[in-house]
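Read the structure below first, then the notes.
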Amino acid sequence: MQRVLPLLIDYSQNAFVPGHSITDNILLAQELLAGYNQKRLPLRCTIKVDIQKAYDSVEWDFLLEVLKLFNFPLQFIVLINQCVSTASFSVSLNGSNHGFFKGGSGLRQGDPMSPYLFVLVMEIWNALLRFRVKNAAEFQYHWKCKELGLKVNPAESQIIFSRAVQQERQQILEYLGFQEGSLPIKFLGIPLTSSRLTLTDCRPLFDKVDARLAGWNH
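If you count by UniProt numbering, then the sequence shown holds residues 1 to 218, one letter each, in order.
Laid out in structure tokens, this is it:
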């Protein structure tokens, strides 16, 4: 799967795809936010979407349909189905595991195949968004998104408005149910802002690196 993934996935998805760099997404996000502190630019906003329990919410039936859509061999699809649908779970209580129960959806945590399967599922969502933006005068929620099983986490999702947006702010916030964010924000662990990053913006990242290096001395 690792070999064929670059042939199936749009270049905008960079995670876990050989030949793609996740830093490209960081640079793109930084470029999109440039000038947000200026009123003279056109009205615009950026939506930072957090997927609620992303791995756990992938529907198995939808995953199998995605694999069929990408023309994976039937035997391979059967093996993937057995892998994701036969996992059993137990509850740890006072240090001991009790009972077993089967899951109803989701990908196995820690399985090296799971990131690739999740990228394939997200490619469908990505393709739907690209299609709607290209072919619709007004972008709306696509009803097919329900079948993915993925749900947006409003508590962790944010909308960042440019300074030019004033009248429409409250209406957009009420419609989407997200909270309004402010710059700088973190994206893939990197602070993003509308201008050049300052030492203060990067200080939390430096502190994490220092803490990691300090751990090597013990």
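Think of the CB as a built atom: it goes at the ideal place given N, C-alpha and C, for glycine as much as any other residue.
What does DSSP give as the partner residue(s) for residue i in the beta ladder?
i	result
N97	S92
P115	Paired residues: none, contrary to the question.
I159	I47 and E180
P191	K186
F102	One detail in the question is off: residue 102 reads as Lys in this sequence, not Phe. S88.
Compute the Euclidean distance between the alpha carbons of residue i and residue j, then round it to the nearest angstrom.
i	j	result
Y175	S105	29 Å
S88	K102	5 Å
F76	M113	12 Å
C83	N71	19 Å
P1	F62	The question names Pro, but residue 1 in the sequence shown is Met. Taking the straight line joining both Cα atoms gives about 18 Å.
N135	V209	45 Å
L213	W60	41 Å
Q171	V91	44 Å
L28	L188	12 Å
P6	N94	45 Å
I22	L64	27 Å
K48	L205	20 Å
T198	V78	52 Å
I80	R3	17 Å
L32	C202	19 Å
P73	R130	27 Å
A155	R169	18 Å
T200	A211	17 Å
Q167	G215	50 Å
T86	L69	23 Å
D207	L117	34 Å
Rounded to the nearest angstrom, how far is the Cβ of residue i from that of residue j, given a contact under 8 Å?
i	j	result
residue 230	V121	Examination of residue 230 is not possible in this model, given that the chain is present from 1 through 218 alone.
D50	N153	4 Å
I160	G181	5 Å
Output needed for residue i: all residues of its chain with C-beta closer than 7 Å, excluding positions within five of it in sequence on either side, in chain order.
i	result
Q38	R163
Q179	Q158
K144	A caution first: K144 carries a pLDDT of 47, below 50, which makes its placement in the model unreliable, though a value can still be read off. The residues are L128.
L173	I159 and E180
N217	none
Quick one: what's got a C-beta closer than 8 Å to residue i's C-beta in the same chain, skipping five residues either side?
i	result
G35	L41, S162 and S194
So, at 6 Å on beta carbons, what are the nonlocal neighbours of residue i in its own chain, with the 5 sequence-adjacent residues on each side left out?
i	result
Q30	L192
L183	T193 and S194
I185	L192
I190	I26
Using a Cβ-Cβ distance under 7 Å, would residue i count as near chain C?
i	result
N135	Looking at the structure shown, chain C is missing, and only one protein chain is on hand.
Report yes or no: do three or more beta-carbon pairs, one from the stretch 56-64 and one from the stretch 98-117, lie closer than 8 Å? In short, these stretches touch, since the Cβ pair count reaches three.
Can you confirm whether the stretch 37-52 touches the stretch 95-103 when touching is taken to mean that 3 or more C-beta pairs between the two stretches lie within less than 8 Å? Contact between the stretch 95-103 and the stretch 37-52 is absent: fewer than 3 CB-CB pairs across the two stretches fall below 8 Å.
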